[in-house]
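Peer 1: Supplied in structure tokens, the structure appears directly below.
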Amino acid sequence: MADRQPFEDLYRDYLGRIYAYVRAQVGTSADAEDITAQVFMNAYQAYPRFEARNTTPAAWLFRIARNATLDHFRAHGRRERLRRTIQHQPETVEDPAGQAEERIQYEALLTHVRRLPERQRDAISLRHSGLSFEEVGRLMRCSEDAAKMMYHRAVRALRESVRMEEA
Amino acid sequence: MSEQDEDLELQALQRQLDDAFETTRPRRGFEDELWLRMQSSRPAQSRLRDAWAGFWQGIRAVPAVPAAAVAVAMVVVIGVVLVGYSGLLQPRSASTTAGGAFQGPQSNQYAGDFGRLPTPVFAGGQKTGASAGPNLTLPAATGEYLGPAQLTWTGHLDLTFTVAPVFRYHEPSTNTADQFASGLGAPLYERPQGFLGMYQTSDYTLKVRGTVQSPPSSPAYFIFSNLSMPAVEAAGAGPADLASVFLAEHSLVPQWDYTTAVDSSGDPVKVFYQREFNLQGGTSAYLVNMNGDRYGIEVDLSNNRPVLVSGMLPVSMDSANYQIISSDQAVRAALGGSQPVPVTGTPAPAVQLTQAELVYVLAPAGDHSFYEPAFMFSGTVKINGSTMTKRVLVPAVDPSQRVP
Numbered sequence: 001m002a003d004r005q006p007f008e009d010l011y012r013d014y015l016g017r018i019y020a021y022v023r024a025q026v027g028t029s030a031d032a033e034d035i036t037a038q039v040f041m042n043a044y045q046a047y048p049r050f051e052a053r054n055t056t057p058a059a060w061l062f063r064i065a066r067n068a069t070l071d072h073f074r075a076h077g078r079r080e081r082l083r084r085t086i087q088h089q090p091e092t093v094e095d096p097a098g099q100a101e102e103r104i105q106y107e108a109l110l111t112h113v114r115r116l117p118e119r120q121r122d123a124i125s126l127r128h129s130g131l132s133f134e135e136v137g138r139l140m141r142c143s144e145d146a147a148k149m150m151y152h153r154a155v156r157a158l159r160e161s162v163r164m165e166e167a
Numbered sequence: 168m169s170e171q172d173e174d175l176e177l178q179a180l181q182r183q184l185d186d187a188f189e190t191t192r193p194r195r196g197f198e199d200e201l202w203l204r205m206q207s208s209r210p211a212q213s214r215l216r217d218a219w220a221g222f223w224q225g226i227r228a229v230p231a232v233p234a235a236a237v238a239v240a241m242v243v244v245i246g247v248v249l250v251g252y253s254g255l256l257q258p259r260s261a262s263t264t265a266g267g268a269f270q271g272p273q274s275n276q277y278a279g280d281f282g283r284l285p286t287p288v289f290a291g292g293q294k295t296g297a298s299a300g301p302n303l304t305l306p307a308a309t310g311e312y313l314g315p316a317q318l319t320w321t322g323h324l325d326l327t328f329t330v331a332p333v334f335r336y337h338e339p340s341t342n343t344a345d346q347f348a349s350g351l352g353a354p355l356y357e358r359p360q361g362f363l364g365m366y367q368t369s370d371y372t373l374k375v376r377g378t379v380q381s382p383p384s385s386p387a388y389f390i391f392s393n394l395s396m397p398a399v400e401a402a403g404a405g406p407a408d409l410a411s412v413f414l415a416e417h418s419l420v421p422q423w424d425y426t427t428a429v430d431s432s433g434d435p436v437k438v439f440y441q442r443e444f445n446l447q448g449g450t451s452a453y454l455v456n457m458n459g460d461r462y463g464i465e466v467d468l469s470n471n472r473p474v475l476v477s478g479m480l481p482v483s484m485d486s487a488n489y490q491i492i493s494s495d496q497a498v499r500a501a502l503g504g505s506q507p508v509p510v511t512g513t514p515a516p517a518v519q520l521t522q523a524e525l526v527y528v529l530a531p532a533g534d535h536s537f538y539e540p541a542f543m544f545s546g547t548v549k550i551n552g553s554t555m556t557k558r559v560l561v562p563a564v565d566p567s568q569r570v571p
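Protein chains in written order, with our numbering: chain D, 1 to 167; chain A, 168 to 571.
See the structure below:
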């Protein structure tokens, strides 16, 4: 217990990053909020069992976030999402909060991230949420080098996606 | 495109990704909403354990939290004292008025809308008034003379009105308290004896209490900071500014008129928001407790960190005009408690009452309680070389409109 920071500190430190990670995966800010809430609810319950010597708090939280996001896709029609991804259709439904968020800078870029294949999207999202390649690799169940390779491949794919849109 | 250009383009894209993830954040308020949901979802046993841990941690951390603040908190916790303002307030250091949420009296209301009013009870349970025997001798404020005195009046009391508003509120319920706490985002923890509710957040414990009949005390809330309560950050700000920032952050800025006063003679520094009631002609009258001390909200700051906040629980009020006694009657009532010069023995010291002001006092009366006008006379007297203040309170509502 002595080496464990209060959960509230963890919550305040990571809420924004977890939300950004989730937001890069799902189509609406409402979904992102729901998943983020679920992540921290789960983490809050599990925190007494968290062992800091086995993993970092960041990796632990992002693992919960990743699982929650995958659960969300399973429960909310992954097929429909894949169809939109393949056809490069814009996300169709946005709540008012989401529409406001659309206006912020870089939202378009995250939309491109959301269209990437799952593992590439994950590699970019985890890496740019502040995790090391080692942590990304652990979460994606691959080596650090494989995580690096996956990430660089994902960035190139993203660039192509952006180029196609601009063309 | 050369390989070098391609690398540069990829690096630029990575920087954009960094920025995109950095700038994507949940909407404002989501963080606190979710935290409260998480707190509410915790098992009661777990919350109780943490509350006890926080309590004992606070006691152990006395060096970090000034002993005086802890002592004040403890006193309030056991419900003995409401708002114990000392008589050492500095003169008005700043004057601020808040928006007029307070409803003034309706001009078409006739006197006595609320029926006969309870007579305010002052120190020692004595009821005082123009026809109610000796006047009160106020107790216990530092620098205040409490003993018998030969009173004389040398001031001027010119009243420009013959009626004054009386304000009535319905006794707040647990629902009132819950709504107030909900506005602060503080979930209910329990309902301890003597309080409408006790609420817990990550930074503080909130207690809400209804009217206390004796000694009369207004419905109040108390915020006891946990050690996690952050200091108020406002570069170059004084205590009054810091207190205002804290109140604003918690939507506790008074909706009534007030004057701020600061007592920075010790630690914690105390910031007072002294409530005023509007009167005819654009004048106002302070709300005072049974000792004649002004009150409203108090914010105690230690190293810019709020350690205790106590204030009047917001309640909706209606008002009605009541006939008040004349200035002559008020003076006679004030001097009515004067100690006669004894035939033998040491005479009571002579006190010249030189000032008088209209104030408001609480008159608890069960389901409904009232804020009624009163006259507060004051003067100074030298006792053993020390200058002390003598205060005399007299109910202002005409005796015919009060329950004896």
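Backbone N, C-alpha and C fix where the C-beta goes; we use that ideal spot for every residue, glycine too. Note that the coordinates shown come from a computational prediction; the quantities given were computed from them, not determined experimentally.
With a threshold of 6 Å on Cβ separation, who are the neighbours of V548 of chain A within its own chain once the five nearest residues in sequence on each side are excluded?
Peer 2: If we look at V548 of chain A and ignore the five residues flanking it on each side, its Cβ neighbours are Y312, P516, V518, M555, K557.
Peer 1: Leaving out the 5 sequence neighbours to the left and right, which residues in its chain are closer than 7 Å to Q447 of chain A when beta-carbon positions are compared?
Peer 2: Same-chain partners within the cutoff: F328.
Peer 1: H323 of chain A: buried (16+ other C-beta within 10 angstroms of its C-beta) or exposed?
Peer 2: Classification for H323 of chain A: exposed.
Peer 1: Since I believe F50 of chain D is in contact with W60 of chain D (beta carbons under 8 Å), could you give me their beta-carbon distance rounded to a whole number of angstroms?
Peer 2: Confirmed, about 6 Å.
Peer 1: Need the endpoints of the alpha helix (DSSP H) that D9 of chain D sits in, please.
Peer 2: D9 of chain D -> alpha helix (DSSP H) spans 7–23.
Peer 1: Flag this pair as yes or no: are the beta carbons of V476 of chain A and L520 of chain A separated by less than 8 Å?
Peer 2: Not in contact: V476 of chain A and L520 of chain A (Cβ atoms no closer than 8 Å).
Peer 1: What number of angstroms, rounded off, separates the C-alpha of G449 of chain A from the C-alpha of S553 of chain A?
Peer 2: About 37 Å.
Peer 1: Looking only at its own chain, which residues have a Cβ that is under 6 Å from the Cβ of S385 of chain A, when we skip the five neighbours before and after it?
Peer 2: Same-chain partners within the cutoff: M479, L529.
Peer 1: If you measure between the beta carbons of R236 of chain D and E176 of chain A, is that distance less than 8 Å?
Peer 2: Missing from the structure shown is residue 236 of chain D; chain D here goes from 1 to 167 and no further.
Peer 1: Just curious, the alpha helix (DSSP H) that L110 of chain D is in, first and last residue?
Peer 2: It spans 107–115 - the alpha helix (DSSP H) in which L110 of chain D sits, taken as one unbroken run.
Peer 1: Within the chosen definition, does the region 559–570 of chain A reach the region 412–421 of chain A through at least 3 CB pairs nearer than 8 Å?
Peer 2: Contact fails: fewer than three Cβ-Cβ distances are below 8 Å.
Peer 1: With a CB to CB cut of under 7 Å and the five nearest residues on each side skipped, what residues in its chain are close to E134 of chain D?
Peer 2: Cβ within range, chain order: E144.
Peer 1: Assign D495 of chain A to buried or exposed, taking buried as 16 or more other Cβ atoms, counted over all protein chains shown, within 10 Å of its Cβ.
Peer 2: When all chains shown are included, D495 of chain A counts as exposed.
Peer 1: Is it the case that the Cβ atoms of F281 of chain A and R335 of chain A are separated by a distance below 8 Å?
Peer 2: Yes, they are a contact pair.
Peer 1: Counting only the same chain and skipping the five closest in sequence on each side, list residues whose C-beta sits under 6 Å from that of K374 of chain A.
Peer 2: Cβ within range, chain order: F362, M365, F389.
Peer 1: Look up N445 of chain A in the DSSP assignment and give the residues it is bridged to.
Peer 2: Bridge partners of N445 of chain A: A:S451.
Peer 1: Expressed to the nearest angstrom, what Euclidean distance is found between the alpha-carbon atoms of V39 of chain D and I64 of chain D?
Peer 2: Computed Cα separation, rounded: 6 Å.
Peer 1: Measure the Cβ-Cβ separation of V162 of chain D and H112 of chain D and say whether it is below 8 Å.
Peer 2: Going by C-beta atoms, V162 of chain D is nearer than 8 Å to H112 of chain D.
Peer 1: In whole angstroms, give me the CA-to-CA distance for P473 of chain A and S431 of chain A.
Peer 2: Using only the alpha carbons, I get a separation of about 14 Å.
Peer 1: Relative to chain A, which residues along the region 119–134 of chain D have a C-beta separation below 9 Å, given in chain order?
Peer 2: The region 119–134 of chain D vs chain A, Cβ under 9 Å: I124, S125, R127, H128, S129, G130.
Peer 1: Measure how close the beta-carbons of F537 of chain A and V333 of chain A come, nearest whole angstrom, since I'm counting them as under 8 Å.
Peer 2: The Cβ separation is near 6 Å, so the contact holds.
Peer 1: With a cut-off of 8 Å, does the C-beta of Q181 of chain A fall near any C-beta of chain D?
Peer 2: Output row for Q181 of chain A: interface = yes.
Peer 1: Under a three-way DSSP split, which group does V136 of chain D fall into?
Peer 2: Three-state result, V136 of chain D: helix.
Peer 1: Run through DSSP, which three-state label would L326 of chain A get?
Peer 2: Of the three classes helix, strand and coil, the one that applies to L326 of chain A here is coil, per DSSP.
Peer 1: Which residue marks the beginning of the alpha helix (DSSP H) containing N174 of chain D, and which one marks its end?
Peer 2: Chain D is shown from 1 up to 167; residue 174 of chain D falls before or after that span and cannot be answered.
Peer 1: In the DSSP output, which residue or residues are listed as bridge partners for V333 of chain A?
Peer 2: Partner(s): A:A487.
Peer 1: With distance defined between alpha-carbon atoms, name the residue in A:G533, A:S545, A:R358 nearest to E524 of chain A.
Peer 2: Looking at the Cα atoms, A:S545 is the closest of the given residues.
Peer 1: I need the straight-line Cα distance from S483 of chain A to L454 of chain A, nearest angstrom please.
Peer 2: Those two C-alpha atoms are separated by around 16 Å.
Peer 1: Report the residues of the region 18–32 of chain D with a CB closer than 9 Å to any CB of chain A, ordered along the chain.
Peer 2: Of all residues in the region 18–32 of chain D, Y19, A20, Y21, R23, A24, S29, A32 have a Cβ within less than 9 Å of some Cβ in chain A.
Peer 1: I35 of chain D and A75 of chain D - do their beta-carbons sit closer together than 8 Å?
Peer 2: Result no, Cβ atoms of A75 of chain D and I35 of chain D do not sit closer than 8 Å.
Peer 1: Are the C-beta atoms of F238 of chain D and some chain A residue less than 8 Å apart?
Peer 2: Residue numbering for chain D in the displayed model covers 1 to 167; residue 238 of chain D lies beyond these limits and cannot be assessed.
Peer 1: Quick check on V155 of chain D - is its C-beta less than 8 Å from some C-beta in chain A?
Peer 2: Yes, V155 of chain D counts as interfacial toward chain A.
Peer 1: Could you say which of A:R283, A:A331, A:P514 lies nearest to P315 of chain A if we only look at CA atoms?
Peer 2: Answer by Cα proximity: A:P514.
Peer 1: Between which two residues does the beta strand (DSSP E) holding L318 of chain A run?
Peer 2: 317–320 is the span of the beta strand (DSSP E), which, as asked, contains L318 of chain A.
Peer 1: Exposed or buried, which one is Q367 of chain A when buried takes at least 16 other CB atoms within 10 Å?
Peer 2: By the 10 Å Cβ count, Q367 of chain A comes out buried.
Peer 1: With a threshold of 8 Å between beta carbons, is L139 of chain D in contact with chain A?
Peer 2: No, L139 of chain D lies away from the interface with chain A (no Cβ there is under 8 Å from its Cβ).
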